[in-house]
Amino acid sequence: MWPLIKKDLRISVSTPIAAALFALFLFITGFAFSAHVTRPSPYHLPEASMRGMIYFIAVILLFLAPLLTMRSFAEERRSGTLELLKTAPLSDLQIVLAKFLSHFLLLALLLLLTVEYPVFLFLSGEPDIGPLALSYLGLLLIGSAFIACGLFCSALTRNQLIAALFCFILLLTLWFLDEVGGEVGASLSILKHLEAFSQGVLDLADFSYYLLFTFLFLFLTVRYLEAERWR
Amino acid sequence: MIEATELTKHYGPIPAIEKVTFSVKAGEVVGLLGPNGAGKTTTLRILTGYMPPSSGHVLIGGIDLLKDPIGAKKKIGYLPETPPLYPELTVEETLRFVAGIHQVKQAEKRIEELLRRIGLIEVRRRLVAHISKGYRQRLGIAQALIHDPQVLILDEPTIGLDPKQILEIRSLLAELKGRQAIILSSHILQEVTAICDRVVIINRGRIVADGTLAELAGKTQKKRYLVTVSSENGVRSRLEATPGVEEVKEYTTDLEALFLKLTGEGDHVAAH
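Here is the structure:
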């Protein structure tokens with residue numbers, strides 16, 4: 273599986289997509305962070321925390337994840353290299369897991385690059401370390417869920433744009449469920465479960481929501497690749 | 383080494399191939415011949431485990447492809463119609479990657495050997511995006527050979543190449559001839575005559591002929607001679623006047639006529 277991951281990362285650094293997305297992400301979140309620290313809303317006292325930021329970063333990730341994952345399977349399919357992977361001695365599960373891990377590593381790197389925000393907070397104040405650490409855990413979990421969804425959408429088509437759009441629609445729907453779906457909608461909403469993390473509370477329900485979400489979409493991707501062989 | 387039994391594949395109600403049965407022994411080179419759309423690629427994709435047949439089974443070196451796909455795939459080297467390459471990788475990186483997924487031992491040594499043997503040394507550090515189609519095809523063959531497979535499956539290995547590149551690939555294949563079982567598909571007849579020991583002709587999803595070139599030529603029931611003359615000089619009319627001679631035609635190869643006859647397109651094509 274490692275050669276597959278290495279290959280994906282090698283391609284990610286040599287194409288401009290990942291770099292452009294990283295730059296965009298850091299620009300937007302950096303801008304928001306400086307606004308967050310220097311111009312707090314009139315209703316709050318300025319505080320040394322990332323509480324509002326985490327939600328904001330998650331929203332940005334929701335928009336970036338489809339772009340980050342859109343080429344994963346769609347491009348392999350379009351260029352015919354999926355045939356290489358499928359005729360190599362690899363199981364579909366290995367192929368999907370390798371894709372997930374390579375994208376997860378990119379996500380982890382992306383989040384690592386935002387570490388200067390909390391560092392800044394430590395330099396200028398005394399933030400609680402618990403909520404900060406849990407916020408990052410929450411972001412890794414929600415990011416994994418986004419990636420799993422993106423991989424699934426990319427597996428369905430040979431067109432990267434379609435994959436990204438489909439993933440957007442799915443994630444936006446899951447986000448807005450909070451607003452329109454009532455009680456049930458809120459419990460299914462993908463961003464809702466991040467709240468407790470940002471407050472420093474580790475709720476098993478939130479934790480398992482993201483894990484289950486990730487497993488579900490990875491499972492669907494594997495099943496889709498398998499089922500495709502029979503058509 | 384390859385045993386395909388009664389392979390049938392349906393896409394919707396129409397079978398793409400029907401009851402395709404043949405085998406390839408170790409050391410043998412078999413050409414899978416047929417017009418476009420006859421089911422060549424479908425057959426090869428089933429043999430490589432890319433997709434399962436609707437019915438029938440495949441043994442690769444004694445291993446059932448459907449029961450132990452990973453075990454069987456370890457024995458197969460496959461070059462699809464377009465070589466499956468990542469434009470972002472260099473030639474060397476590509477081979478390192480496939481060596482990795484096939485868990486080749488002493489990969490670096492093997493890569494060196496292949497680069498030299500397949501004639502890729504001069505482009506080893508170039509990106510796949512920047513090499514010519516001929517080199518890409520070679521790289522595709524190198525990919526298929528990386529794990530020293532017992533079975534080599536090549537789908538149209540010379541398609542889209544210029545005549546010089548075609549000759550190069552052909553001589554490469556001739557060099558490979560040995561202990562592996564090789565099956566290659568083609569719709570180019572000269573190619574098959576040039577490198578294959580045996581020919582399987584497939585038309586509309588069914589095998590219509592299977593045998594050595596000599597055997598197949600015998601099937602037409604009539605004797606055919608290829609007479610090479612230095613100048614026309616009335617030879618044709620004298621041949622035509624000879625008792626027993628049915629027809630005198632100019633040929634590039636005699637297999638071509640057989641192919642057209644078997645695939646049912648002979649009448650209008652041969653008349654031109």
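Line order of the protein sequences matches chains E and B.
First residue of the first sequence: 273, per this note's numbering; consecutive thereafter.
First residue of the second sequence: 383, per this note's numbering; consecutive thereafter.
Even glycine gets a Cβ: it sits at the ideal position worked out from N, Cα and C.
Predicted model, so just to flag it, every value in this text is computed and none were measured.
| Item | Value |
| --- | --- |
| Kindly indicate the opening and closing residues of the alpha helix (DSSP H) around His-308 (chain E). | 288-310 |
| Look at the alpha carbon of His-308 (chain E) and the alpha carbon of Ile-458 (chain B), and state the distance between them as a whole number of angstroms. | 58 Å |
| What did DSSP end up calling Ala-591 (chain B) once you bin it into helix, strand or coil? | strand |
| Curious, which full-length alpha helix (DSSP H) runs of at least 4 residues does the stretch 359-397 of chain E contain? | 364-384, 388-396 |
| Please check if any C-beta of chain E sits within less than 8 Å of the C-beta of Ala-653 (chain B). | Any reading at Ala-653 (chain B) is ruled out, since the residue's pLDDT is 37, under 50, leaving its predicted position unreliable. |
| What is the DSSP secondary structure of Tyr-482 (chain E), counted as helix, strand or coil? | helix |
| Considering Glu-495 (chain B), what are the terminal residues of the alpha helix (DSSP H) in which it resides? | 489-500 |
| Give a yes or no on whether the minimum CB-CB distance between Ile-452 (chain B) and chain E is below 8 Å. | yes |
| Let me see if you follow: with CB-CB separation under 8 Å, is Leu-340 (chain E) close to chain B or not? | no |
| List the residues that DSSP assigns as beta-bridge partners of Gly-410 (chain E). | In DSSP, Gly-410 (chain E) forms no bridge with anything. |
| Report the start-end ranges of each alpha helix (DSSP H) in the stretch 409-489 of chain B that is 4 residues or longer and not cut off at the edges. | 422-429, 451-455, 473-483 |
| Measure the beta-carbon distance from Ile-531 (chain E) to Leu-466 (chain E) and round it to whole angstroms, keeping in mind my assumption that it falls under 8 Å. | This structure gives no information on residue 531 (chain E), because the portion of chain E shown stretches from 273 to 503. |
| Cβ closer than 7 Å: which chain B residues qualify as neighbours of Glu-355 (chain E)? | Tyr-432, Pro-462, Pro-466 |
| Excluding the 5 residues preceding and the 5 following Leu-413 (chain E) in the sequence, name in chain order all residues of the same chain whose CB lies nearer than 6 Å to its CB. | Tyr-482 |
| List the endpoints of the continuous beta strand (DSSP E) containing Ser-514 (chain B). | Unbroken run through Ser-514 (chain B): none, as it is neither H nor E. |
| Could you spell out the range, first to last residue, of the alpha helix (DSSP H) harbouring Asp-450 (chain E)? | 432-452 |
| Using DSSP's beta-bridge definition, name the partner residues of Thr-390 (chain B). | B:Ser-437 |
| Please determine if the stretch 326-341 of chain E and the stretch 297-305 of chain E are in contact, where contact requires at least 3 C-beta pairs separated by less than 8 Å. | yes |
| So is Gln-485 (chain B) buried or exposed if we call it buried at 16+ other beta carbons inside 10 Å? | exposed |
| Between which two residues does the alpha helix (DSSP H) holding Val-627 (chain B) run? | From DSSP, Val-627 (chain B) is part of no alpha helix (DSSP H); its letter is neither H nor E. |
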